[in-house]
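Residue numbers (full-length UniProt numbering), protein chains in the order written: chain R, 1 to 439; chain D, 1 to 471.
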Amino acid sequence: MLKEALVNKLDYDELSNCMRCGFCQPACPTFRETGYEAASPRGRIALMKAVADGVMEPDKDFVDQMNLCLGCRACEPVCPAGVPYGQLIEQTREAIEEVQEHPWWVKAVRKLAFFHLFPYQKRMYQLGGFLRFYQRSGVQKAVRKLGVLSILPKQMREMEAIMPEASGKGIVDFFGGTVIPAVGERKYRVGMFHGCIMDVLFHETNRNTVRLLSEAGCEVIIAPDQVCCGALHAHSGEREQARHLARKNVAAFHKADVDIIVSNAGGCGAMLQEYDHLLAEDAEWQEKAQWFAARVKDISEVLALLVEPKAWQSLPQRITYQSSCHLRNGMKVTKEPVNLLQAIPGATYVQLREGDRCCGSAGIYNLVQPEMAGSLLDEKMSHVAATQADILVTTNPGCLLQMKAGIHRAGLEGKMEAVHIVDLLARVQQEEKPLSTPE
Amino acid sequence: MLPESIREELRAIVGEKNCLDKQEALVAYSYDATPMQQALPDVVVMPKSTAEVQQVMRAAARHHIPIVTRGAGSNLCGGTIPVGGGIVLVLSRMNQIVEIDEQNLTITVQPGVRTVDIHQAVEALGLFYPPDPGSMVISTIGGNIALNSGGLRGLKYGTTKDYVLGLEAVLPNGEVIRTGGKLMKDVAGYDLTKLLVGSEGTLAIITEAILKLIPKPQTQRVMLAMFADMAQAARSVSDIIANRIIPGTLEFLDQGTIRVVEDFKQIGLPTDVAAILLIGQDGEPQTVDRDMERIAAICEKNDAVQIKVATTAEEADEVMTARRSALAALSRMRPTTILEDATVPRAAIAPMVAAIQEITERYGLQICTFGHAGDGNLHPTCMTDARNTEEIERVEHAFEEIFAAAIELGGTITGEHGVGIVKAPYLEWKVGAAGMEIMKGIKHAFDPHNLLNPDKMFAKQSRNRVVVQRA
């Protein structure tokens with residue numbers, strides 16, 4: 001029964017800490033869109049508490065409302081009482097997942113993705129290789145020409161259209177090793193978290209991350225046994241599987257004995273930084289998880305600390321920035337990416353109106369809640385268009401894809417490009433010095 | 001339970017999508033920001049126009065269904081909790097700024113407009129709407145008017161009541177009345193505008209308001225003054241005013257609050273001082289500079305331990321952080337935060353804070369006090385846990401004594417939060433038996449069948465006056 005599952009999973013103390021002041025509401029995208037109390041963080045917490053108190057049954061409306069939440073956590077920084085809403089919604093989704101009966105095909109897809117694909121990086125590379133073949137062999141062109149894609153829902157078609165070129169090889173393969181020495185004097189020993197999808201669809205960003213770190217004086221360790229961060233699992237109610245992945249990552253980086261663990265995807269970084277909470281009840285792993293969580297930093301934080309923008313090439317373009325929710329609200333990184341962008345010589349930084357609001361990507365939200373995601377994206381693109389920027393910078397792969405889809409959807413192609421901050425900084429970094437790789 | 005036929009009728013008026021009676025909706029509209037208060041309505045109705053409000057009101061009157069009108073539900077007096085069930089009428093879909101009249105310096109708004117949106121809209125034109133309740137980023141103007149909300153600028157600029165020039169409202173019989181207008185002078189008959197402001201949704205449903213605007217002040221400056229002695233902080237407040245300076249902001253933090261804020265934010269506040277005053281002034285640059293100097297001199301004369309005047313925007317922000325963090329810092333200490341608003345004449349702040357301290361200690365509770373020293377409006381804030389019923393009982397008794405102490409010092413039971421259900425038992429302490437009778441008569445004249453926000457303001461039974469003995 002869902003009710004029992006919720007009573008078991010929900011942190012009743014945190015539910016009680018919500019003082020119902022409503023300060024979260026203006027920050028919540030789904031509340032702004034609907035104006036409906038139940039579609040706000042305060043409302044969702046009230047519903048959770050009502051179930052825990054036995055005031056209401058967790059019916060279909062309850063589940064629908066919990067699924068409508070983007071999980072962007074914009075409500076957390078504005079909450080006077082410091083209620084960790086992100087954790088509450090994850091607990092709720094874990095309970096829902098425990099009792100939910102999915103149709104057979106959803107079950108199959110979930111099982112495949114969550115248990116047989118994301119956790120195994122080798123399989124991700126195989127899938128990458130297959131995608132690369134699809135994209136390069138002409139099959140993609142043929143498929144598009146034949147109009148086969150028209151059977152897909154609009155959101156999926158839009159995603160297919162902007163899918164970056166995949167790779168069957170990760171960065172370890174590219175660099176031919178797991179240790180990339182620092183250029184010049186070594187300042188830090190940095191563990192690079194390469195991510196599961198990042199290393200397949202954004203291998204260039206990963207490559208640039210290693211290059212920028214190395215040139216900034218970091219010895220980069222690509223811990224070989226690392227796996228997917230588990231964020232997609234945790235947000236979809238598979239917290240146990242997320243814990244399983246967390247233990248593997250903690251072990252991999254602990255063994256590598258690094259000073260900093262760097263992430264270049266806001267969604268992953270926030271998850272990694274919360275491993276101590278995720279494994280809080282695991283006596284065996286608690287201490288190591290704290291060691292791990294304390295070391296996680298976003299790439300922008302590390303670069304802001306180490307790079308010298310004076311050496312950058314001039315880039316006479318208008319740049320705007322859409323911040324990733326989990327980087328901002330989870331990792332609390334707000335200034336560094338903007339400071340880096342503002343430091344680019346010749347560039348004009350234009351602030352994006354409501355650049356701190358979710359773009360609607362939110363993991364797989366844009367696929368499962370296309371209506372809400374679409375209306376959030378349209379609003380986002382109206383603000384983006386108003387900046388008249390040449391380059392729209394993001395810090396997370398999901399947001400980057402969503403922004404590419406948004407540019408496509410708003411007919412801004414050719415006028416504007418969406419770029420990961422790392423790739424933009426690699427562009428302005430003076431000529432590429434060859435990186436020495438281990439033998 | 002409402003019969004299906006009545007739900008049908010309501011759906012026909014506002015449309016299927018704007019009439020909700022599923023469990024989820026009933027729970028979501030069963031509370032506001034008041035701790036420990038909750039009651040389920042029978043149905044939630046979200047009208048989009050005055051005409052729809054009229055029709056809903058007529059239907060409710062026909063079937064004798066209570067109506068509780070609501071905006072963002074940010075009030076702290078239980079004013080929007082549907083204690084008797086019935087209809088929760090949500091006005092947040094009526095959220096248009098109808099007109100900004102730069103000739104007459106007025107703004108006409110629907111009740112669901114957020115207060116902060118009014119601020120932004122008029123400030124973009126160099127105009128100013130001063131009332132700034134602490135919850136203004138979420139609160140709606142309809143709620144501000146219904147509760148006559150105050151805020152940080154009350155001392156110099158007054159509260160919501162001073163800016164409402166005219167109202168459109170639906171009466172419990174479904175008739176629409178218009179009071180006041182774009183007029184600075186109007187003595188035609190009883191002042192129904194002022195009567196509806198602060199009537200807490202018990203007399204009529206406000207569907208439009210004309211508000212007064214003033215020119216936006218050119219500059220703003222702030223300072224923090226720290227005192228080792230509470231009485232000297234209080235004396236500084238009265239000395240500032242006696243010297244004919246009316247600051248834009250004059251806020252107060254007691255030692256308990258300072259300690260919690262410093263613990264939470266580490267902004268370098270001295271935790272051994274008895275009180276901090278946050279003083280701000282706005283207006284013409286020369287006047288502001290002169291006032292800030294004179295205020296600093298007054299605080300120094302009253303043995304301020306330290307004075308920090310902000311010279312840059314960053315410093316001003318730093319200074320403001322102390323006051324802004326108070327609620328967050330306090331609310332993180334224990335699960336339940338009870339923010340009250342006893343108010344006394346400005347000169348009585350020191351004895352009032354002393355009384356609160358004494359009561360707090362006697363009941364063994366955690367109550368810190370901060371608030372608007374300039375207008376005597378204090379926020380004794382209790383950190384507790386609603387699950388601890390024994391402690392909650394002590395909290396209730398302590399607050400009862402705090403309200404009694406406020407009355408005894410010539411103050412009132414609520415300065416800006418409203419009576420609602422929470423303060424209803426104490427209203428008679430403030431207005432007396434004859435006052436209660438005349439108020440009930442007014443309620444009856446507007447709402448003979450007691451449909452609008454029943455059980456608010458008028459408790460079924462009033463509490464006996466507690467006589468507080470102090471040394």
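Beta carbons are placed, not taken as given, at the ideal position from N, Cα and C, and that holds for glycine.
Here the structure is a predicted model, which means the values were calculated and not measured.
At a cut-off of 9 Å between beta-carbon atoms, D/Thr34 makes contact with chain R. Chain order gives no chain R residues near D/Ala313, where near means a beta carbon separation below 7 Å; the closest approach is about 16 Å. With the criterion set as a beta carbon lying under 7 Å from some beta carbon of chain D, the members of the UniProt domain "4Fe-4S ferredoxin-type" (8 to 39) of chain R are Asp13, Ser16, Asn17, Met19, Arg20, Cys21, Gly22, Phe23, Gln25, Pro26, Gly35, Glu37, Ala38, in sequence order.
When C-alpha distances from D/Ala228 are compared across D/Gln110, D/Gly15, D/Glu300, the shortest belongs to D/Glu300. Three or more beta-carbon pairs separated by less than 8 Å link the segment 75 to 83 of chain D to the segment 408 to 425 of chain D, which places the two stretches in contact.
Of all residues in the UniProt domain "4Fe-4S ferredoxin-type" (59 to 91) of chain R, those with a C-beta nearer than 9 Å to a C-beta of chain D are Asp59, Asp61, Phe62, Asp64, Gln65, Val78, Cys79, Pro80, Ala81, Gly82, reading in chain order.
Taking the C-beta atoms as reference points, D/Ala310 is found no nearer than 9 Å to D/Ala304. Contact annotation: in the segment 328 to 349 of chain D, residues whose CB is within less than 8 Å of a CB in chain R are Ala328, Ser331, Arg332, Pro335, Thr336, Thr337.
Put simply, of D/Met226, D/Thr219, D/Asp254 the residue whose alpha carbon is nearest the alpha carbon of D/Met352 is D/Asp254. Comparing C-alpha distances from D/Thr381 to each of D/Gln55, D/Gly256, D/Gln110, D/Ala59 shows the shortest one belongs to D/Gly256.
A residue is called buried when at least 16 other Cβ atoms come within 10 angstroms of its Cβ; D/Ile87 meets this threshold and is buried.
Selection R/Met163, R/Phe130, R/Leu401 evaluated against R/Ala265 yields R/Leu401 as nearest (Cα-Cα).
Within the segment 87 to 117 of chain D, contact with chain R at the beta-carbon level (separation under 7 Å) is assigned to Ser92, Arg93. Chain order gives the chain R residues near D/Ala72 as Gly22, Gln25, where near means a beta carbon separation below 8 Å. Among the bridge pairs identified by DSSP, D/Thr140 is matched with D/Arg114. By the Cβ neighbour-count rule, R/Phe292 is buried, with 16 or more other Cβ atoms within 10 Å of its own.
Judged by DSSP in its simplified three-state form, D/Gly78 adopts coil rather than helix or strand. For a Cβ distance threshold of 7 Å, residue set Asp61 of chain R lies close to D/Lys22, ordered along the chain. Chain R places no beta carbon closer than 9 Å to that of D/Leu451, leaving this residue out of the contacts. Residues of the segment 128 to 162 of chain D with a Cβ closer than 8 Å to any Cβ of chain R, in chain order: Ser135, Val137, Ile138. D/His372 is bridged by DSSP to D/Asn377. Straight-line spacing of the CA atoms in R/Thr394 and R/His244 works out to 29 Å.
Its chain contains Tyr363, Gly364, Leu365 as the residues whose beta carbon lies nearer than 8 Å to that of D/Arg394, once the 5 sequence neighbours on both sides are disregarded; these appear in chain order. Restricting attention to beta strand (DSSP E) runs no shorter than 3 residues, the segment 315 to 395 of chain D encloses them at 336 to 339, 367 to 372, 377 to 384, ordered along the chain. Between the segment 213 to 223 of chain R and the segment 166 to 184 of chain R there are three or more C-beta pairs closer than 8 Å, enough to call the two in contact. If you keep only unbroken alpha helix (DSSP H) runs of at least 4 residues inside the segment 369 to 412 of chain R, you get 370 to 387, 397 to 409. The beta carbon of R/Cys75 sits closer than 6 Å to those of Cys24, Ala27, Cys28, Pro41, Tyr85, all from its chain and outside the five residues before and after it, given in chain order. Per the coordinates, the alpha-carbon of D/Gly374 lies some 12 Å from the alpha-carbon of D/Gly415. Across the set R/Ala39, R/Asp11, R/Gly82, R/Glu57, the C-alpha of R/Gly82 shows the shortest separation from the C-alpha of D/Phe264.
By the CB criterion at 9 Å, D/Glu168 and D/Thr50 fall inside the cutoff. Interface with chain D (9 Å Cβ-Cβ cutoff): R/Glu371 is excluded. Taking a Cβ-Cβ cut-off of 7 Å, the neighbours of R/Met56 in chain D comprise Gln23, Val27, given in sequence order. Against chain D, a Cβ distance below 7 Å from R/Gly43 picks out Ala28.
Cα atoms of R/Lys332 and D/Glu400: separation of roughly 42 Å, rounded to the nearest angstrom. The beta carbons of R/Leu279 and R/Arg247 sit closer together than 9 Å. Counting C-beta pairs with one atom in each stretch, the segment 268 to 284 of chain D and the segment 198 to 210 of chain D have fewer than three that are closer than 8 Å, which means they do not touch.
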